[in-house]
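A.B. asks: Residue numbers (our numbering): 2 to 194.
All C-beta atoms in this analysis are idealised placements derived from N, C-alpha and C, irrespective of residue type, glycine included.
Model, not experiment: these values are computed from the prediction.
Here it is, the structure, as structure tokens.
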């Protein structure tokens, strides 16, 4: 048993994991994700991403940090002791696949690319097909996306855009000049079940 009647640290880890599965917490995460779907359903031209994506990731991380702290407080544990315990476990069990899965669960919210995959999955899950769109292969969706033709790109030239984490080559058709908005159809994998 830990000092001051706190749970042993291995039990605290279990309580933290249970806290991340708490329906109220999951509801807060779902609200954050769902209110930002349109923000992440955009194409990026230059390899960069909107600063607002970083801001939403900070909010996402804060939800997890607050839930961690709440679970630690409820079980009489200190964050420094908790992190020290996990470091000891890492030294002892770091190569164990089960421990690696545990650490992924505990740290996934910190990873920006993992956050992007959560958001891109939400975009695909909430996509509504255009009834007039051509049929696509099973397992794929056809998304209509607006792209602004960048400077120095003219009709007949290809531009590279990133959408939902994938790179697409788009030809600029006749009649479109830099600064004009071009609606393109991009084929993306369907949402994972």
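May I ask you to verify whether the region 122-129 touches the region 103-113, counting CB pairs closer than 8 Å and requiring at least 3?
C.D. replies: Segments in contact, no.
A.B. asks: Inspect the CB distances between the region 155-162 and the region 75-94 and report whether three or more fall short of 8 Å.
C.D. replies: Output reads no: the region 75-94 does not touch the region 155-162.
A.B. asks: Which first and last residues belong to the alpha helix (DSSP H) in which residue 67 is found?
C.D. replies: Within the chain shown, residue 67 is the residue found at index 66, counting from 1. Taken as a continuous stretch (DSSP letters only), the alpha helix (DSSP H) holding residue 67 covers 52-75.
A.B. asks: Please list the segments of the alpha helix (DSSP H) lying wholly inside the region 91-128, counting only runs of 4 or more residues, in order along the chain.
C.D. replies: Runs of the alpha helix (DSSP H) inside the region 91-128: 98-108, 113-126.
A.B. asks: Taking only the alpha-carbon atoms, compute the straight-line gap between residue 60 and residue 9 and give it to the nearest angstrom.
C.D. replies: Translated into positions along the chain shown, residue 60 becomes position 59. Translated into positions along the chain shown, residue 9 becomes position 8. Using only the alpha carbons, I get a separation of about 30 Å.
A.B. asks: Could you check whether the region 176-185 touches the region 66-78, counting it as contact only if at least three pairs of C-beta atoms, one from each stretch, sit closer than 8 Å?
C.D. replies: No: fewer than three Cβ pairs fall under 8 Å.
A.B. asks: Of all Cβ atoms in chain B, is any one closer than 9 Å to the Cβ of residue 151?
C.D. replies: The chain inventory of the structure shown lacks chain B, comprising one protein chain alone.
A.B. asks: Between which residues of its own chain and residue 42 is the CB-CB distance below 6 Å, once the five residues before and five after are set aside?
C.D. replies: As a working mapping, residue 42 is identified with position 41 in the chain shown. Excluding positions up to five away in sequence, the list reads 124.
A.B. asks: Kindly identify the DSSP beta-bridge partner or partners of residue 187.
C.D. replies: Translated into the one-based positions of the chain shown, residue 187 becomes position 186. Beta-bridge pairing links residue 187 to 144.
A.B. asks: Exposed or buried, residue 153, counting other C-beta atoms within 10 Å across all chains shown (16 or more means buried)?
C.D. replies: Counted from its first residue, the chain shown places residue 153 at position 152. That one is exposed.
A.B. asks: Whole angstroms are fine: how far does the CA of residue 54 sit from the CA of residue 103?
C.D. replies: To locate residue 103, count along the chain shown from 1; it is residue 102. To locate residue 54, count along the chain shown from 1; it is residue 53. Roughly 26 Å separates the two Cα atoms.
A.B. asks: Hey, residue 118 and residue 48: beta-carbon distance below 9 Å or not?
C.D. replies: If you number the chain shown from 1, residue 118 lands on position 117. If you number the chain shown from 1, residue 48 lands on position 47. No, they are not a contact pair.
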